[in-house]
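Student: FYI, the numbering for the sequence shown is 1 to 269, going by this note's numbering.
Glycine residues also receive a C-beta, built at the ideal position from the N, C-alpha and C atoms.
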Amino acid sequence: MTECTSTVGVDHNLRNLTVGNESQIHYYDLPRAVKIARTTMRIVASFKRDDVRIRTDISSKYGRRRTARTGHILHNVTKTIVERAVHRREAIVLEDIRGIRCLYRKGNGRGRRYRGGMNRWSFGEAQRQIEYKARWIGLPVIRLSRYETRGSSVTCLRCGERLQSDKRLGRKLWCGKCRIVMDRDRVAAINLAQRGRVRFARSRPPTVMEAQGGADESVMGNPTPTVIPGVDAPKPTPTKSRQNQIILALGIVAEKRVDYGGKGSWLDG
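#1: To the nearest angstrom, how far is the alpha carbon of residue 120 from that of residue 39?
#2: Might you give, ordered along the chain, the residues of its own chain that have their beta carbon closer than 8 Å to the beta carbon of residue 176, omitting 5 neighbours on each side?
#3: Determine the burial state of residue 24: buried for a count of at least 16 other Cβ atoms within 10 Å of its Cβ, exposed for fewer.
#4: Using a Cβ-Cβ cutoff of less than 6 Å, which residues in the same chain neighbour residue 94 once the five nearest sequence positions on both sides are dropped?
#5: Check whether the Cβ atoms of residue 202 and residue 184 sit closer than 8 Å, and answer yes or no.
#6: Excluding five sequence neighbours on each side, which residues of the same chain lie with their C-beta closer than 6 Å to the C-beta of residue 33?
#7: So which of 198, 158, 186 has the shortest CA-CA distance to residue 179?
#8: Using DSSP with H/G/I as helix, E/B as strand and the rest coil, what is residue 139?
#9: For residue 188 versus residue 153, is the C-beta distance shorter than 8 Å?
#10: Going by Cα to Cα distance, which pick from 132, 139, 186, 125 is closest to residue 156?
#11: From residue 75 to residue 132, what does the alpha carbon distance come to, in whole angstroms?
#12: Please state the DSSP three-state secondary structure of residue 106.
#13: Per DSSP, what are the beta-bridge partners of residue 11 in this structure?
#14: Do you know offhand how far residue 139's Cα is from residue 79's?
#15: Does the Cβ of residue 200 have 16 or more other Cβ atoms within 10 Å, making it buried, or fewer, making it exposed?
#16: What is the DSSP secondary structure of residue 32, counted as helix, strand or coil?
#17: DSSP state of residue 133, grouped into three classes?
#18: Going by DSSP, what residues sit across from residue 90 in a beta bridge?
#19: What are the partner residues of residue 27, as DSSP defines its beta bridges?
#20: Which residue wins for smallest C-alpha separation from residue 149, given the options 169, 198, 14, 84?
#21: Mapping DSSP to helix, strand and coil, what is residue 152?
#22: Between which two residues does the alpha helix (DSSP H) carrying residue 118 extend?
Here it is as structure tokens:
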């Protein structure tokens, strides 16, 4: 297993993959995958044969072709993502977007073309390829829950307030408190990396310094409390022989108090 020093978030969108953290951001555009899916749908919709079996066979043929061509594009992208993460020793953080297609059903105010594009989106394939390639070479993969993923693209990186959208800004959001404009995909990738870093810090085994009660340098975002030497460190349990020595010493002090108490000794102050 590769020892990682940080995390990198992967934000999966319809037309791109955004990967990064606070130090760097990489965008991987996927317009060809969207075009292949749209072309396949148009070809299948143009079939006019009355025989259902023939239509099914031809549709399956074009469906397999689309899957193969799209998978090759995602293979090249995910390979680059994993290689960069290994080089920088960063654990990969994946979001949980299961059920996202439920947001794009009929009657939600979106057009047929938009809903069709979202329903043709193979969002799970990219995550599957990233996960198996990372595990193949021993790179940790952190899968966030739906609760941890919630709000990752609309939470301000500075103050934590909810970002506001504007049609004139496109995919950019603005924070009313910080008065700045942020890219939606960049915000999501950084928030995923930070939330994955918290999970990674909780699951990692304690270092030698932490096990001995000493202070250790923490990673940014690590929720582990600082250990104060001499205060938070575990106290050694005295042995039985040591306890006997302490009891004997206390008995000697008590005898001295009785012998010298009335002679104006050091006990009188």
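Tutor: The structure says:
#1: C-alpha separation (whole angstroms): 11 Å.
#2: Contacts found: 161, 164.
#3: Exposure of residue 24 is indicated by the presence of fewer than 16 other C-beta atoms within 10 angstroms of its C-beta.
#4: Cβ neighbours of residue 94 beyond the five flanking positions: 10, 127, 143.
#5: By the CB criterion at 8 Å, residue 202 and residue 184 fall outside the cutoff.
#6: Answer for residue 33: 70, 73, listed in chain order.
#7: Looking at the Cα atoms, 158 is the closest of the given residues.
#8: In this structure, residue 139 counts as coil in the three-state DSSP scheme.
#9: Cβ atoms of residue 188 and residue 153: closer than 8 Å.
#10: Closest in C-alpha terms to residue 156, from the list 132, 139, 186, 125, comes 186.
#11: Using only the alpha carbons, I get a separation of about 11 Å.
#12: Coil.
#13: Bridge partners of residue 11: 18.
#14: Rounded to the nearest angstrom, the gap between the Cα atoms of residue 139 and residue 79 is 13 Å.
#15: With 16 or more Cβ atoms within 10 Å of its Cβ, residue 200 is classed as buried.
#16: In the structure shown, residue 32 sits in a helix (DSSP, three-state: H, G or I).
#17: DSSP, read as helix, strand or coil, puts residue 133 in helix.
#18: According to DSSP, residue 90 bridges with 6.
#19: Residue 27 is bridged to 18.
#20: Comparing Cα positions, the closest option is 198.
#21: In the structure shown, residue 152 adopts coil according to DSSP, grouped into three states.
#22: Unbroken alpha helix (DSSP H) run through residue 118: 112 to 119.
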